[in-house]
Amino acid sequence: MRDATFPRIVGEADFGEFTTGQILDVLTAVTVILALPRSAAEHVDAIAVATGQGEEWRLTQGIRAWEVNPGLRHLLVANGNPTEETYNEITLGYLRGLGLRRIDGVVLQTAPAPNTGLQAAWIAQQVRALGIASIALTVSSYHLPRAYLTVLKAASTLEVRLPIIPVPVAVSPDTPVPETGATAYDLVGGEVRRILAYRSRGWVASDEELRQYLGWLWSRHGALLASPSSLPSTSEEPTSARQPGNERR
């Protein structure tokens with residue numbers, strides 16, 4: 261899979277080959293993904309950060325959440341694209357410079373990951389290998405729906421099903437992305453265009469796959485999704501985060 265298949269900034273003319281129904285399906289997917297409660301991320305088993313575009317704020321937010329929540333077992337950091345001008349090699353030393361202190365449970369993708377598909381495949385592999393029961397996916401808001409659908413597809417390919425909680429990075433949509441200078445407002449169209457194209461190629465979860473997954477998530481893990489927005493005050497693990505989630509179908 262190559263994210264560079266399509267430009268990051270697109271216009272109205274770039275959607276001519278798609279029907280109104282297809283575009284509506286993507287809008288629906290974005291809505292239902294972002295409707296998942298962010299508070300649940302405080303009670304999951306692990307955090308996964310998908311890096312890229314020189315956006316260190318993805319890492320700083322993920323690291324901050326990791327450091328304040330001792331109940332998290334793993335911090336997964338997916339590598340980025342070395343051809344980007346703003347690329348930084350993902351090492352423990354680099355992450356320490358961004359505030360990382362607790363290194364037990366930190367897992368880094370050492371191989372280059374020039375696209376979201378390679379990042380998602382690595383995250384899904386770690387989920388299966390480490391027995392991760394639930395995960396918070398941390399990435400910039402404009403990229404989050406496509407990243408979520410790609411991770412969901414990768415997990416499905418490995419026949420692993422677990423709660424995936426989307427966590428958009430808290431940064432103003434007017435903030436220029438270091439790699440391109442574009443803002444989230446500029447980049448949303450390109451993300452929608454890629455979701456539309458990648459669905460036809462089987463690279464992201466389809467509308468039906470997403471519906472089935474969310475039906476399972478809301479019915480089987482309602483306790484996790486209803487978790488209050490506060491960190492556990494005792495050493496006892498929240499049962500919602502430790503439900504069997506790494507399931508084979």
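Position 80 of the sequence shown, counting from 1, maps to 340 under our numbering, and the rest follow consecutively.
Yeah, the Cβ is synthetic: ideal placement off N, Cα and C, and Gly gets one too.
Report task. Count the other C-beta atoms from every protein chain shown that fall within 10 angstroms of the C-beta of Pro342, then say buried if there are 16 or more, exposed otherwise. Result -> Counted from its first residue, the sequence shown places residue 342 at position 82. Exposed, because fewer than 16 other Cβ atoms sit within 10 Å of the Cβ of Pro342.
Query raised in the report: How many whole angstroms separate the CB atoms of Ala301 and Ile425, which I take to be in contact at a CB cut-off of 8 Å?
Result: In the sequence shown, the residue the question calls residue 301 occupies position 41. In the sequence shown, the residue the question calls residue 425 occupies position 165. The C-beta separation of Ala301 from Ile425 comes to about 5 Å, placing the pair in contact by the 8 Å criterion.
Query raised in the report: When the Cα of Thr368 is compared with those of Ala338, Ala384, Thr280 and Thr376, which residue comes out closest?
Result: Start at 1 with the first residue of the sequence shown, and residue 368 comes out as number 108. The amino acid occupying residue 368 in the given sequence is Leu; Thr does not appear at that position. Comparing Cα-Cα distances from Leu368 to each of Ala338, Ala384, Thr280 and Thr376, the minimum goes to Ala338.
Query raised in the report: Between the C-alpha atoms of Gly340 and Tyr347, what's the straight-line distance to the nearest angstrom?
Result: As a first step, residue 340 is located in the sequence shown; it is residue number 80 there, counting from the start. As a first step, residue 347 is located in the sequence shown; it is residue number 87 there, counting from the start. Distance between the alpha carbons of Gly340 and Tyr347 is about 7 Å.
Query - Those residues which DSSP pairs with Ile307 across a bridge - result: Taking the first residue of the sequence shown as 1, we reach residue 307 at position 47. Partner(s): Leu335 and Ala396.
Query - Residue span of the beta strand (DSSP E) that contains Ile425, given as start and end - result: Taking the first residue of the sequence shown as position 1, residue 425 is located at position 165. Where Ile425 is concerned, the enclosing beta strand (DSSP E) stretches over Ile424 to Pro428.
Query raised in the report: So, is Val328 buried or exposed, given that buried needs 16 or more other C-beta atoms within 10 angstroms?
Result: Counting from one through the sequence shown, the residue named residue 328 turns up at place 68. Val328 is exposed by the Cβ-count criterion.
Query - Boundaries of the alpha helix (DSSP H) in which Val411 is found, first to last residue - result: Your numbering for residue 411 matches position 151 in the sequence shown. Start and end: Leu404 to Thr417.
**Report entry** Meets three-Cβ-pair contact criterion under 8 Å: the stretch 428-445 and the stretch 405-413
**Finding:** Cβ pair count under 8 Å is below three, so no.
Query - Assigned exposure category for Gly271 - 16 Cβ within 10 Å defines buried - result: Residue mapping note: residue 271 aligns to position 11 of the sequence shown, counting from 1. By the neighbour-count rule (16 or more Cβ atoms within 10 Å), Gly271 is not buried but exposed.
Report task. Just tell me which of Arg268, Phe275 and Val292 has its CA closest to the CA of Asp467. Result -> On the sequence shown, residue 467 is found 207 positions in, with the first residue counted as 1. If we check each option's Cα against that of Asp467, Val292 comes out closest.
**Report entry** Val366 - containing beta strand (DSSP E), residue span
**Finding:** The residue you call residue 366 lines up with position 106 of the sequence shown. Val366 -> beta strand (DSSP E) spans Val366 to Leu368.
Requested in this report: Check Arg298 in the structure and name its three-state DSSP category.
Outcome: Translated into positions along the sequence shown, residue 298 becomes position 38. Three-state result, Arg298: helix.
Requested in this report: For Trp317, I'd like the list of residues in its chain whose CB is within less than 6 Å of its CB, leaving aside the five on either flank, ordered along the chain.
Outcome: Taking the first residue of the sequence shown as position 1, residue 317 is located at position 57. Counting only residues of its own chain and dropping the five nearest sequence neighbours on each side, Trp317 has a CB closer than 6 Å to the CB of Val429 and Val431.
Query - Trp476 - containing alpha helix (DSSP H), residue span - result: By 1-based counting over the sequence shown, the position of residue 476 is 216. Start and end: Asp467 to Arg480.
Query raised in the report: In or out: Tyr445 buried (at least 16 other Cβ within 10 Å) or exposed?
Result: In the sequence shown, counting from the first residue as 1, residue 445 sits at position 185. Counting Cβ neighbours within 10 Å, Tyr445 comes out exposed, since fewer than 16 surround it.
Query raised in the report: Thinking C-beta only, is Asp364 closer than 7 Å to Arg333?
Result: The count along the sequence shown starts at 1 and reaches residue 333 at position 73. The count along the sequence shown starts at 1 and reaches residue 364 at position 104. No; because the gap between Cβ atoms is not below 7 Å, this pair is not in contact.
Requested in this report: Helix, strand or coil for Arg361, going by three-state DSSP, please let me know.
Outcome: Counted from its first residue, the sequence shown places residue 361 at position 101. DSSP places Arg361 in coil when its eight states are reduced to three.
Query raised in the report: Who are the Cβ neighbours of Val448 in its own chain at under 6 Å, not counting the five residues just before and after it?
Result: For this step, residue 448 is matched to residue 188 along the sequence shown. Counting only Cβ-Cβ distances below 6 Å, and skipping sequence neighbours, we find Tyr402.
Query raised in the report: Is the beta carbon of Arg520 sitting closer than 7 Å to the one on Arg406?
Result: Residue 520 lies beyond the residue range present for the chain, which begins at 261 and ends at 509; the question has no answer from this structure.
Query raised in the report: Which two residues bound the contiguous alpha helix (DSSP H) that contains Tyr445?
Result: Start at 1 with the first residue of the sequence shown, and residue 445 comes out as number 185. Where Tyr445 is concerned, the enclosing alpha helix (DSSP H) stretches over Ala444 to Ser460.
Query raised in the report: When DSSP labels each residue in this structure, what does Arg268 get in the three-state scheme?
Result: Here residue 268 is taken as the residue at index 8 of the sequence shown, counted from 1. Arg268 falls in the coil class under three-state DSSP.
Requested in this report: Could you check if Trp463 is buried or exposed, using at least 16 other CB atoms within 10 Å of its CB as the buried criterion?
Outcome: Your numbering for residue 463 matches position 203 in the sequence shown. Of the residues assessed, Trp463 falls on the buried side of the cut-off, its CB having 16 or more other CB atoms within 10 angstroms.
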